[in-house]
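Residue numbers (the numbering used here), protein chains in the order written: chain A, 581 to 930; chain B, 2 to 242; chain C, 1165 to 1507. No residue lacks a Cβ here, since even glycine has one placed at the ideal position from N, Cα and C. These numbers were taken from a predicted model, which means no experiment stands behind them. What follows is a short report on a single structure.
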Amino acid sequence: MLTRLLSGDRPRSLVLTVILLAILGALAFAPFLFPGVRSLETAARICIFIVLVASYDLLLGYTGIVSFAHTMFFGLGAYGVALASDAMGRGWGALAVGTVAGALAAAVLAAVIGMFSLRVRAIFFAMITLAVASAVAVLVSQLSAITGGEDGLNYSIPRELTPAFRLGEVMGVRINGKLLNYYLVFTCCLVLFLVLLRVVNSPFGRVLQAIRENEFRAEAIGYRVVYYRIIATCLSASVAALAGSLFAIWLRYVGPDTTLSFTIMLDILLMVVIGGMGTIYGAVIGAAIFVLAQNYLQTLMGSAAEATAGLPLVPDLLNPDRWLLWLGVLFILSVYFFPTGIVGRLRTGR
Amino acid sequence: MSDPILSLSGVCTDIAQYHILQGVDLEVGRGGVTMLLGRNGVGKTTTLRTVIGHWQARAGSIRFDGQEITRMPTPDRARAGIGFVPEDMGIFSGLTVEENMTLAAASGPLDTARRDWLFSVFPPLRTFWRSAAGTLSGGQKQMLSIARAMAEERRLYLIDEPTKGLAPAIISTMVGALRELKSQGASILMVEQNFAVAKALGDQVAVMEDGCIIWTGAMADLAADAALQERLMGLSMEVEA
Amino acid sequence: MSVAPDHSPTFARTSLAERLSRAAPYLLVPVLVVLGFLAIGAPSSWLTLTVSGLAMGMMIFVMASGLTLVFGLMDVINFGHGAFISVGAFVGISVLLALGSWTGAPSLALNVAAVMLAVVAAMIVTGALGWAFERVIVRPVYGAHLKQILVTVGGLIVIEQLIHVVWGPDEIFLTRPETLKGAFTFAGAAIEKYRLLAVVVGLVLFVAMRLVFTRTKIGLIVRAGVQNGEMVEALGYRLRLVFIGVFIAGSALAGLGGVMWGLYQEVITAGMGEEMMILVFIVVIIGGLGSIEGAFIGALLVGLLQNYIAFLEPKLALISNIGLMTAILMWRPQGMMPVVEAK
């Protein structure tokens, strides 16, 4: 039963199993284990990024193509919910319409980009997605009448999902709409994750891996490489859009910085590489470590910078604003020395 | 053979996970043409590519004129005096014929006397001297490819199927040119599928099968023995040219 | 010896259609200029926009040329190329700011000397940085596109952040040297002096590059190497050394482009290279990977179109490039003048 749920792709490492179970447990009972607004925010963020990163891994790790438009698809889902809620007013219908519309738009856009670039050569895809994503980001901030521009959009979601909806108290934790909202996010993310696990372990997923390993052989055996890559791109894009919708439902706000920025794209890349490309489980570990580090490590860097204030250059290097510098270094080192990431390392038992 | 210009011993070459050459032992004598024959896919082209260094030998050793070149980078092998005419001709199609020839003279400007000699061997090169090489016909490209190898005097020529896909009239030009080269005392290792051409030019023969040399001897002996041809190469390759 | 029959060329004269299709990319720039004239109507605005479009195009070409060659020669796609643009701008502008008394003087000689010094400094630093980048970042990942993209993006982030460490977190504003300020009027159109200078510099560079590529052996090696690197090695040339040389030269040109762009915008930020890379990629793609001429035409098209559209319909300016790319890829999926065969 459990094996079926995991599509036969078990973690295959005791340490990995323990870590994954710990993360699952921590997320499932987050409101009770770590009470407080900030930790619930962190937990929801981790859930959503796990799905976002896993959907990216479908592209990068399993299909072997690099996209810089994943945040664009994420943003499409988020803006879908926001615009629908804005236009249709607060309601479940708006959430559903926005989510479906966002996912469809993402799939269509991904198919169009794929047809232009993957047909010729896979690296076109990386360059073209970069160009298109940046153009969309500019467009969103320019069309302020519709999208709210740089300020983004605030909107209402059904009352049952907001803190104003109170149900009582369990184990000293107030049960309110925010908690329901968290469990909505958690459940949807869990389902999406299992679906992705199913996809990569299906015959379709095996073909993708065959293409990644040897494009010419796969083509020679008779698989239409371009077709498979485009499908994978669409799938990955729609799951990213769904994650974006959940993010929008959770935050009740969308803006270019929180959903479309290139920085988030880099975060996703880092999470995939650190967790382990081509493993799906890597997304869980990558996202959990990264989001936690982002929240708590920057504070640490700040104090380190203060402690070294007398030295030349060092405090500048340790300034919390230079967080990306160290991520970049870590990223390069991971690609060189841990191309299979944490999960790959754990699985090979070293 | 005493003092060969090129000798391979136990050369193994892998392409990806496939073992293509499985212990090739081959000697190419000074002066004259050694023909490398065999069915499609037995490793003839891979042997030439291993000698020039486009594939690295996993095991075995390659000696060129007494010098160990097994691990040497391709440019150094070329500079040591090996001229290479690849199977796909390797023409720089965006460059003119002149530019192709300028590049071929790696150690300095193209010698004018040598250029005129090549013009006399391959007249179309003069006609299309300033045209883009990509606009040449297949036979002209092949002439350019061989002329490029001949742009400077090399100690060894590796020539991969110079008559592939060419019309009979052009094949005879090719044979004439190679005979001219041979008459100057050049050493040539050549892969050829056209047995008539092989017979016309070859002095020595090495026959390959499954990544190994299975027979070596004089061309005359092989040409005279139809049964031997049958055994070594499946069907008789004798065709009227 | 039997004299070979001088078998006459088997191909007929190239047909008109074929010749047109070969010349088509070259015709696109004049066609776009004429279309711009028709759409804008006012000759003076059109002239101003055309000059600034050409100036922008030239600067993008300077930045893009190295990238397309590096790709063509070694199949290396360098997403970190933008870092050289930013570093070049910061080094060059720092030199200019340090030479404030030269740039502030109304003397053409002093101004030019200051700019030259800035450019040389920027090119030396970015060239050296390119050399280090090739050794440390790119070399270990030859032949692996996926890793190349990831690692060079990592390199871009690190260099960009190091700019922040060295020059501080804020953008730097600057003014152009005294004699390069302002505009003059020609045929009723205001033309900024600096833009005209940028056009001239871009043209000179393009012509110089063409000469190097057609008249020198090293140029021939590069062109041949883009088409068939293996054969270049079989002729006795060390392609690796040539490649490193091209990488360094390309990085230095990106640095030059950075200085030019900084003087054009009169402000520099650490992220400017990353932003420019989007245009550079579009140019490289529509030009055809590995093609210098393609990159040149592509850059001019992007620069002109963006300026025309910004005048006609400002909100569409950035989207216009995506539209241009889409149109060209629909016409020629490999780009206008691909040199490298699709793999």
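- Between the segment 1390-1408 of chain C and chain B, which residues of the former have CB atoms less than 7 Å from a CB of the latter, in chain order? Gln-1391, Asn-1392, Glu-1394, Met-1395, Glu-1397, Ala-1398, Leu-1399, Gly-1400, Tyr-1401 and Arg-1402
- Message: I need the straight-line Cα distance from Asp-1170 of chain C to Ala-1362 of chain C, nearest angstrom please.
- Response: Note that Asp-1170 of chain C scores 49 on pLDDT, short of 50, meaning its location in the model is unreliable and no value can be drawn from it.
- Message: For the segment 89-111 of chain B, list every residue whose C-beta sits within 7 Å of some C-beta in chain C, in sequence order.
- Response: Those would be Gly-91, Phe-93, Ser-94, Gly-95, Leu-96, Glu-100, Thr-103, Leu-104, Ala-105 and Ala-107, in chain order.
- Message: Using a Cβ-Cβ distance cut-off of 8 Å, determine whether Arg-699 of chain A contacts chain C.
- Response: yes
- Hey, could you find the ends of the beta strand (DSSP E) Asp-1334 of chain C is sitting in? Element bounds for Asp-1334 of chain C: n/a, residue is neither H nor E.
- Using Cβ-Cβ distances below 9 Å, what residues of the segment 1355-1388 of chain C are close to chain B? Thr-1378, Lys-1381, Leu-1384, Ile-1385, Arg-1387 and Ala-1388
- Task: Note down the Cα distance separating Val-240 of chain B from Gln-23 of chain B, rounded to an integer number of angstroms.
- Result: Low confidence applies to Val-240 of chain B: its pLDDT is 45, below 50, so where it sits in the model is not reliable enough to give any reading.
- Message: Assuming contact is defined by CB atoms lying nearer than 8 Å, are Leu-1427 of chain C and Val-1197 of chain C in contact in what I supplied?
- Response: no
- Item | Closest residue to Ala-713 of chain A among C:Gly-1419, C:Ile-1483 and C:Gly-1217 (Cα-Cα distance) | C:Ile-1483
- Query: Between B:Thr-71, B:Ala-178 and B:Met-36, which lies nearest to Asp-204 of chain B when the distance is taken from Cα to Cα?
  - Reply: B:Met-36
- Task: Check distances from the C-beta atoms of the segment 69-82 of chain B to those of chain C and list, in chain order, the residues that come in under 7 Å.
- Result: Thr-75, Pro-76, Ala-79 and Arg-80
- Starting from Ile-645 of chain A, follow the beta strand (DSSP E) in both directions and report where the run begins and ends. It is not in any beta strand (DSSP E) - Ile-645 of chain A carries neither H nor E in the DSSP assignment.
- Whole-number beta carbon distance between Thr-75 of chain B and Val-12 of chain B, since they are thought to touch under 8 Å: Not a contact, Cβ separation roughly 16 Å.
- Query: What span of residues does the alpha helix (DSSP H) with Leu-910 of chain A cover, start to end?
  - Reply: That run of the alpha helix (DSSP H) goes 903-917.
- Task: Leaving out five residues on either side along the sequence, give the residues of the same chain with a beta carbon under 6 Å from the beta carbon of Asn-875 of chain A.
- Result: Thr-622.
- Examine chain A for any beta-carbon lying closer than 8 Å to the beta-carbon of Val-1503 of chain C, and answer yes or no. Answer no: the Cβ-Cβ gap between Val-1503 of chain C and chain A never drops below 8 Å.
- Could you spell out where the alpha helix (DSSP H) holding Asp-117 of chain B opens and where it closes? Where Asp-117 of chain B is concerned, the enclosing alpha helix (DSSP H) stretches over 113-122.
- In chain C, what lies closer than 8 Å to Gly-858 of chain A by C-beta? Chain C residues near Gly-858 of chain A: none, gap ~11 Å exceeds 8 Å.
- Query: Which class does Arg-699 of chain A belong to by DSSP, given the choice of helix, strand or coil?
  - Reply: coil
- Task: Using a threshold of 8 Å, state whether the C-beta atoms of Ile-854 of chain A and Ser-914 of chain A are closer than that.
- Result: yes
- Select from the segment 27-55 of chain B all residues with a C-beta closer than 7 Å to any C-beta belonging to chain C, and list them in chain order. Ile-53 and His-55
- Could you list which residues in chain A have their beta carbon closer than 9 Å to that of His-1245 of chain C, in chain order? Per Cβ cutoff of 9 Å: no residues; His-1245 of chain C is ~11 Å from chain A at best.
- Helix, strand or coil at Arg-930 of chain A [DSSP, three-state]: Low confidence applies here, because Arg-930 of chain A scores a pLDDT of 46, under 50, leaving its location unreliable; read the following figure in that light. Shown here, Arg-930 of chain A sits in coil according to DSSP, grouped into three states, outside any helix or strand.
- Task: Would you please verify whether the beta carbon of Arg-797 of chain A is less than 8 Å from any beta carbon of chain C?
- Result: no
- Separation of Pro-87 of chain B from Gly-1393 of chain C, as counted between CA atoms: So the two alpha carbons sit approximately 13 Å from each other.
- Message: Can you confirm whether Gln-874 of chain A, when its beta carbon is compared against all beta carbons of chain C, has any partner nearer than 8 Å?
- Response: Judged by the 8 Å Cβ criterion, Gln-874 of chain A is not in contact with chain C.
- Message: Below 9 Å on C-beta distance, what does Phe-85 of chain B contact in chain C?
- Response: Met-1395, Ala-1398 and Leu-1399
- Message: Counting only beta-carbon separations shorter than 8 Å, does Pro-644 of chain A have a partner in chain C?
- Response: Here residue 644 of chain A turns out to be Gly, not Pro, going by the sequence shown. So, interface residue.
- With a CB to CB cut of under 8 Å and the five nearest residues on each side skipped, what residues in its chain are close to Leu-933 of chain A? Coverage of chain A is limited to positions 581 through 930, which leaves residue 933 of chain A absent and any answer about it impossible.
- Among the residues of its own chain, which have a CB less than 8 Å from the CB of Lys-758 of chain A, if the five just before and after it don't count? Leu-620, Leu-741, Thr-742 and Pro-743
- Going by alpha carbons, who is nearest to Leu-733 of chain A out of A:Ile-860, A:Leu-907, A:Pro-836 and A:Gly-856? A:Pro-836
- Status (buried if at least 16 other CB within 10 Å, exposed otherwise) for Met-1494 of chain C: exposed
- Item | Delimiting residues of the alpha helix (DSSP H) encompassing Trp-830 of chain A | 805-831
- Query: Who are the near neighbours of Gly-1421 of chain C in its chain, counting only those whose CB is closer than 8 Å to its CB and skipping five residues on each side?
  - Reply: Met-1223, Ile-1224, Val-1226, Met-1227, Ile-1249, Gly-1252 and Met-1440
- 7 Å Cβ shell around Ile-755 of chain A - same chain, five flanking residues per side excluded: Leu-747, Gly-748 and Glu-749
- Task: Check the Cβ of Val-1255 of chain C against every Cβ in chain A and list those closer than 9 Å, keeping chain order.
- Result: The contacting residues do not exist; Val-1255 of chain C stays about 18 Å from chain A at best.
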